[in-house]
Amino acid sequence: MSKVGFYLLLLVLAPVAAVIIITPMDSQKQYIFGLISIGMMFLLGFSKSRKVTVVMVLLSALMSSRYIWWRTTETLHFNSEIEAIMGIGLYLAELYVWVILLLGFLQTIWPLKRTIEPLPDDTSLWPTVDIYVPTYNESLEVVCDTVLAAQCIDYPRDKLKIYLLDDGKRSEFAVFAADVGIGYITRDDNRHAKAGNLNHAMKITKGELICVFDCDHVATRTFLQATVGPFLKDVRLALLQTPHYFYSPDPFERNLRAARNIPNEGALFYGPVQQGNDNWNATFFCGSCAVIRRSALEQIGGFAVETVTEDAHTALKMQRLGWGSAFLSIPLAAGLATERLGLHIIQRNRWARGMTQIFRVDNPLLGRGLKWQQRLCYLNAMLHFQFALPRVAFLTAPLAYLLFNLNIIHSLAPLIFAYVLPHLVMSLYVNSRMNGRFRYTFWGEIYETVMCFHLVIPTVLTMLSPKHGKFNVTDKGGVLDQGFFDFHIARPHVIVALLLSVSIVAGIVRAVMHDYFGVDPYVIALNVGWAAFSLIILMAAIAVARETRQVRKTIRIEVQIPAIIHYASGISLRTMTSDMSMGGTLLDAPEGHHESDEIEEIDLLLKSGTITIPVSKISADEKCIRLSFGAMPLSRRRELVRVVLARADAWIQPEYKKDNPLVSLGTIVRTVFELFWLTWKDRQAKRRRAAQRAAAKEDSAA
Numbered sequence: 021m022s023k024v025g026f027y028l029l030l031l032v033l034a035p036v037a038a039v040i041i042i043t044p045m046d047s048q049k050q051y052i053f054g055l056i057s058i059g060m061m062f063l064l065g066f067s068k069s070r071k072v073t074v075v076m077v078l079l080s081a082l083m084s085s086r087y088i089w090w091r092t093t094e095t096l097h098f099n100s101e102i103e104a105i106m107g108i109g110l111y112l113a114e115l116y117v118w119v120i121l122l123l124g125f126l127q128t129i130w131p132l133k134r135t136i137e138p139l140p141d142d143t144s145l146w147p148t149v150d151i152y153v154p155t156y157n158e159s160l161e162v163v164c165d166t167v168l169a170a171q172c173i174d175y176p177r178d179k180l181k182i183y184l185l186d187d188g189k190r191s192e193f194a195v196f197a198a199d200v201g202i203g204y205i206t207r208d209d210n211r212h213a214k215a216g217n218l219n220h221a222m223k224i225t226k227g228e229l230i231c232v233f234d235c236d237h238v239a240t241r242t243f244l245q246a247t248v249g250p251f252l253k254d255v256r257l258a259l260l261q262t263p264h265y266f267y268s269p270d271p272f273e274r275n276l277r278a279a280r281n282i283p284n285e286g287a288l289f290y291g292p293v294q295q296g297n298d299n300w301n302a303t304f305f306c307g308s309c310a311v312i313r314r315s316a317l318e319q320i321g322g323f324a325v326e327t328v329t330e331d332a333h334t335a336l337k338m339q340r341l342g343w344g345s346a347f348l349s350i351p352l353a354a355g356l357a358t359e360r361l362g363l364h365i366i367q368r369n370r371w372a373r374g375m376t377q378i379f380r381v382d383n384p385l386l387g388r389g390l391k392w393q394q395r396l397c398y399l400n401a402m403l404h405f406q407f408a409l410p411r412v413a414f415l416t417a418p419l420a421y422l423l424f425n426l427n428i429i430h431s432l433a434p435l436i437f438a439y440v441l442p443h444l445v446m447s448l449y450v451n452s453r454m455n456g457r458f459r460y461t462f463w464g465e466i467y468e469t470v471m472c473f474h475l476v477i478p479t480v481l482t483m484l485s486p487k488h489g490k491f492n493v494t495d496k497g498g499v500l501d502q503g504f505f506d507f508h509i510a511r512p513h514v515i516v517a518l519l520l521s522v523s524i525v526a527g528i529v530r531a532v533m534h535d536y537f538g539v540d541p542y543v544i545a546l547n548v549g550w551a552a553f554s555l556i557i558l559m560a561a562i563a564v565a566r567e568t569r570q571v572r573k574t575i576r577i578e579v580q581i582p583a584i585i586h587y588a589s590g591i592s593l594r595t596m597t598s599d600m601s602m603g604g605t606l607l608d609a610p611e612g613h614h615e616s617d618e619i620e621e622i623d624l625l626l627k628s629g630t631i632t633i634p635v636s637k638i639s640a641d642e643k644c645i646r647l648s649f650g651a652m653p654l655s656r657r658r659e660l661v662r663v664v665l666a667r668a669d670a671w672i673q674p675e676y677k678k679d680n681p682l683v684s685l686g687t688i689v690r691t692v693f694e695l696f697w698l699t700w701k702d703r704q705a706k707r708r709r710a711a712q713r714a715a716a717k718e719d720s721a722a
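Next up, the structure:
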């Protein structure tokens, strides 16, 4: 369809849409209309066609817009100032969600799924590439493997240079860089943090393309061969971003059993959102695992320094000048996730402040150079990080009526339900259909609830004062010897959860005695249901604060490689690895192995040759042998990195199962019950330990 035909169709359909949105109905008619609409949605859902998905998106958008129109025109009547303040606050929160819903539909309705653009056979045509590994306060143990993985990348040696950008000015990093044969760059100050570090390196290096890896991101051998091709095909391409994949569990995956079998928090962004951005030439630079054209960076004056999210702002500046961007949805590098919930929130705090700063200092809705689709994609990203206040409003809104008898929605319960039911059901169903393999239903509420109380003040202050705050580095590579409950993080969640629990009890009492209290039991039921759902989400968020032990410094990855075990007795036996890490391996016990046998070293048999690694035995049984690696030279560690972390297919994962909203909700409820069960078990264990200590004291006294 041509642009003219498309706009003519919109002109014809706009009056029909307006009639659907603004036509008033009583509760009975609205129920019938809503149920018919839901039924149509479910019938359309049997088709897998992308065009049918577009129709479903339009139907959902119309129903949600109808709900917002009804809220705007029929429900904003209040009996007191406090009701007006709380009621308008809730309405603004719903208006925010409606805007985010529509922008999200636009952003993800037609994702662009790119494939790898092959490089020409003649390597003399390949561009020169500088790889930057910026670091500030991270340990050499974390940075080492990133550099060694970069050296394993398959690219002509005369066209590839690797630089360690050390803003910490540490002598051991300089020695390491010299030992492995890469460039080492430092500077006199730390002005503009990471962006300043990158800009300083740009003045010293000369590669046509610049590839940036955060110091914990290890690249696969094929990274550049998979990402450089599009720059030769399109001379106006400035940026190609790949996903940030994490091979260590984030706080949700580590602390919640259910979260280990669902898409992680970043899967939605590095899937449909970035693919949707790519369709509109609005791909965001994410600070790492990306290739950027030097000339485009030079045209905008280098990496952006005006905000603490230099990455997204840099992409925005290049796109304003007409440069192209792309997203390749193949994980070609992997990094370390934040180890603890507190660090996770600090990281998200910086992201929220940075996107708010961009909104204030370089608003994409204003200025020249962007198409309207690009402006809306950036607007959605910036508005997303304003979720804190609306989320708090949704969590606490039922308290107004259940505890204080304040009516903040001026309407009868049946009419509220008749309008809100189709809006919620249809939007949840469409989002599940479009993005269900990347974000399970209701889990977004948990992710936002965990952070909302801690982001309210930073986002509000940054909106008022965009220069407020500074860049902070997220610590990586730590361990946690003892599990604990992070009450500092969970305190506001616990307080609101207690208030909601009290309000539910109060609501049930008032519903049972509605004649005495003179209240509408349906209104009570609506608010109790709302409070109960909020309580479930809050309890799941509280469960994330129950930090579990993290004693393993290196993450084990399933990989099967032929190996030879060399015993101290002189015997050698063949076997296979079951999993490996940079610190050790799990081997299948070969026939003839005895648990008491002493092992000195193992050979890993690769196509490129044999790696011999000194080992010490941790444990062994009749099925498997656990070994830890001994000290090894950097050349041998580089080969180990090539085997464990830099394999071309190292991070390719199968798709998750299709989302089922009811199953997803059931999983969250189970998570809440697990929290109570594990808390009870912890208390019992503490009592047993206390009893054992008391008994030991009595024995010693005797």
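My numbering applies: residue 21 is where the sequence shown begins, and numbers increase by one.
In this text, a Cβ means the ideal position worked out from N, Cα and C, and glycines have one as well.
Count the other CB atoms, across all protein chains shown, that sit within 10 Å of the CB of residue i; report buried if there are 16 or more and exposed otherwise.
i: residue 666; result: buried
i: residue 589; result: exposed
i: residue 673; result: exposed
i: residue 364; result: buried
i: residue 527; result: buried
i: residue 157; result: exposed
i: residue 281; result: exposed
i: residue 152; result: buried
i: residue 264; result: buried
i: residue 79; result: buried
i: residue 242; result: buried
i: residue 536; result: exposed
What would DSSP say about residue i, mapped onto helix, strand or coil?
i: residue 265; result: strand
i: residue 509; result: helix
i: residue 471; result: helix
i: residue 414; result: helix
i: residue 630; result: strand
i: residue 504; result: strand
i: residue 155; result: strand
i: residue 200; result: helix
i: residue 165; result: helix
i: residue 354; result: strand
i: residue 711; result: helix
i: residue 273; result: helix
i: residue 324; result: coil
i: residue 316; result: helix
i: residue 664; result: helix
Report, in whole angstroms, the separation of the C-beta atoms of residue i and residue j, which I expect to be a contact under 8 Å.
i: residue 256; j: residue 392; result: Not a contact, Cβ separation roughly 20 Å.
i: residue 266; j: residue 357; result: 4 Å
i: residue 687; j: residue 278; result: 5 Å
i: residue 166; j: residue 62; result: Actually they are not in contact, since the Cβ atoms of residue 166 and residue 62 sit about 48 Å apart, beyond 8 Å.
i: residue 244; j: residue 175; result: 5 Å
i: residue 95; j: residue 430; result: 5 Å
i: residue 649; j: residue 663; result: Actually they do not touch by this definition, with Cβ atoms about 12 Å apart.
i: residue 51; j: residue 440; result: Residue 51 to residue 440, Cβ: 12 Å. No contact.
Are the beta-carbon atoms belonging to residue i and residue j less than 8 Å from one another?
i: residue 644; j: residue 682; result: no
i: residue 593; j: residue 555; result: no
i: residue 397; j: residue 297; result: yes
i: residue 646; j: residue 604; result: yes
i: residue 328; j: residue 260; result: no
i: residue 325; j: residue 235; result: no
i: residue 164; j: residue 196; result: yes
i: residue 523; j: residue 561; result: no
i: residue 679; j: residue 449; result: no
i: residue 427; j: residue 114; result: no
i: residue 585; j: residue 625; result: no
i: residue 348; j: residue 134; result: yes
i: residue 506; j: residue 563; result: no
For residue i, which beta-bridge partners are listed by DSSP?
i: residue 150; result: 181 and 230
i: residue 600; result: 577 and 605
i: residue 582; result: 596
i: residue 646; result: 606 and 639
i: residue 623; result: 584 and 632
i: residue 257; result: 344
i: residue 310; result: 232 and 261
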